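In my numbering, the protein residues as written are 405 to 621. See structure below.
Next up, the structure:
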């Protein structure tokens, strides 16, 4: 949705209250007024859409109780944490950012690993190489030759979030798709790092998940 500059005459006390509420919500005066008017007119703003999607992600994670979600009010980014079954219980952080104005991708997923263990870093690197190889091979069925956009380095794995263009996507469907992707990734990387799953096991489970509609992003 495009935005333009408009001039409005408002009561000073109203503006003070808007500014106070905007500060509490971590936004600014213009965005808050825009949200209030959109809600009054039963319109969906990008901020509202993102908030809806995050709520569906939060609900899905809370049902499983393996990955812990943290949602900031009126924020375009959501943080999730998961503990590895490894010495000292290092954590994986998942950061979901959704764009207010999608540009090809609707957002990006960042997976953050923090550990001083050289062996763990090496194992994570092998898993990520395997994951990107699997996605590069199997997702062409759904997205053609469009390659997923990745950035890897400094303890981070960043991946664009794409939606199929051959169908409509409700906020609930998008939230559930992102949740399922993260949960599947989390399960498989933990299985791989603990040695319960080898590369072949990961591939078989990845393909099985795809056949159930999980991971098509």
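Every residue gets a Cβ at the ideal spot worked out from N, C-alpha and C, and that includes glycine. Please read these numbers as outputs of a predicted model, since none were measured by experiment.
- Residue 498 sits in a strand when the DSSP states are folded into three classes.
- DSSP, reduced to helix, strand and coil, places residue 488 outside both helices and strands of the structure shown, so it counts as coil.
- Under a 10 Å Cβ-count criterion, residue 439 is classified as buried, with 16 or more other Cβ atoms of the shown protein chains found around its own Cβ.
- Approximately 6 Å separates the beta-carbon atoms of residue 512 and residue 565; this is inside 8 Å, confirming the contact.
- Beta bridge pairing from DSSP links residue 554 with 563.
- By the criterion of a C-beta distance shorter than 6 Å, residue 539 is surrounded in its chain by 552, once the five residues flanking it on both sides are discounted.
- Closest in alpha carbon position to residue 475, among 611, 413, 461, is 461.
- For residue 456, same chain residues with a beta-carbon under 6 Å away, outside a window of 5 residues either side, are 575 in chain order.
- Annotation: the stretch 427-483 contains the following complete segments of the alpha helix (DSSP H) (minimum length 4 residues), in chain order: 433-444, 450-468.
- The secondary-structure analysis by DSSP pairs residue 511 across a beta bridge with 502, 565.
- Here residue 587 is buried: its Cβ has 16 or more other Cβ atoms, across all protein chains shown, within 10 Å.
- Three or more pairs of CB atoms, one per stretch, sit closer than 8 Å, so the stretch 530-544 contacts the stretch 610-617.
- The continuous alpha helix (DSSP H) containing residue 608 extends over residues 603-615.
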